[in-house]
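Residue numbers (the UniProt record's numbering): 1 to 180.
Using N, Cα and C, we set each Cβ at its ideal position, and we do this for glycine too.
Below: one structure, written as structure tokens.
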């Protein structure tokens with residue numbers, strides 16, 4: 001059997017953990033490519049199942065279990081996917097420009113939600129436009145080329161959080177002009 005992955009859920013709807021979503025996308029992509037078989041287990045952290053509590057105590061997901069080895073820390077999960085999961089190294093493209101381009105996007109969302117002012121809205125919007133311009137200039141489907149990589153799996157959950165939380169808390173919407 002391939003890797004198993006534990007993700008948070010609140011008992012009523014799908015989990016909103018960025019890291020769970022990001023690593024799920026990485027692993028699901030590998031499963032789609034048939035390099036691994038994947039089992040995902042969602043865990044309601046308000047009422048974790050007894051076996052989860054016994055094995056992981058108060059550890060919050062994401063948790064990756066591969067061949068009986070439990071990986072509990074985000075940076076170690078990423079490293080394990082890259083070095084030990086078949087095909088994982090293909091996801092982790094080295095592109096300093098793209099890494100820099102997406103690195104502070106979520107910080108700008110959090111600032112916009114806390115400050116609730118036009119300057120923070122504009123800062124987030126400017127950042128989104130830079131990402132859009134990058135995609136337009138590269139003329140590719142994804143950030144580094146025509147296949148998904150770790151940067152796309154990192155960006156997409158953040159865009160979803162911007163879309164949902166931005167609309168709900170401050171009536172912010174990603175403009176339709178940002179289409180790439």
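heavy atom of the ligand FAD below 6 Å from residue i C-beta
{"i": "residue 57", "result": "With respect to the ligand FAD, the structure offers nothing, as it holds no ligand at all."}
Where residue i sits in the DSSP three-state scheme
{"i": "residue 70", "result": "strand"}
{"i": "residue 117", "result": "coil"}
{"i": "residue 63", "result": "strand"}
{"i": "residue 93", "result": "coil"}
{"i": "residue 1", "result": "Note that residue 1 scores 43 on pLDDT, short of 50, meaning its location in the model is unreliable; the coordinates nonetheless yield the value given after this. Of the three classes helix, strand and coil, the one that applies to residue 1 here is coil, per DSSP."}
{"i": "residue 35", "result": "coil"}
{"i": "residue 140", "result": "coil"}
{"i": "residue 40", "result": "strand"}
{"i": "residue 150", "result": "helix"}
{"i": "residue 84", "result": "helix"}
{"i": "residue 171", "result": "coil"}
{"i": "residue 176", "result": "coil"}
CA-to-CA distance, residue j to residue i, given in whole angstroms
{"i": "residue 107", "j": "residue 127", "result": "11 Å"}
{"i": "residue 158", "j": "residue 104", "result": "11 Å"}
{"i": "residue 69", "j": "residue 52", "result": "14 Å"}
{"i": "residue 86", "j": "residue 80", "result": "10 Å"}
{"i": "residue 72", "j": "residue 16", "result": "18 Å"}
{"i": "residue 117", "j": "residue 168", "result": "15 Å"}
{"i": "residue 56", "j": "residue 161", "result": "27 Å"}
{"i": "residue 182", "j": "residue 64", "result": "This structure cannot settle anything about residue 182, because the visible part of the chain is limited to 1 through 180."}
{"i": "residue 174", "j": "residue 150", "result": "22 Å"}
{"i": "residue 77", "j": "residue 25", "result": "13 Å"}
Contacts around residue i, its chain only, beta-carbon distance under 6 Å, and the 5 residues preceding and following it disregarded
{"i": "residue 31", "result": "38"}
{"i": "residue 82", "result": "88, 89 and 92"}
{"i": "residue 74", "result": "19"}
{"i": "residue 180", "result": "132, 135 and 136"}
{"i": "residue 111", "result": "120"}
{"i": "residue 59", "result": "72"}
Beta-carbon proximity list for residue i, same chain, < 8 Å, skipping 5 on both sides
{"i": "residue 109", "result": "124, 158, 161, 162, 165 and 166"}
{"i": "residue 154", "result": "22 and 102"}
Short CB-CB distance (under 7 Å) between residue i and chain C
{"i": "residue 48", "result": "In the structure shown, chain C does not exist; there is a single protein chain."}
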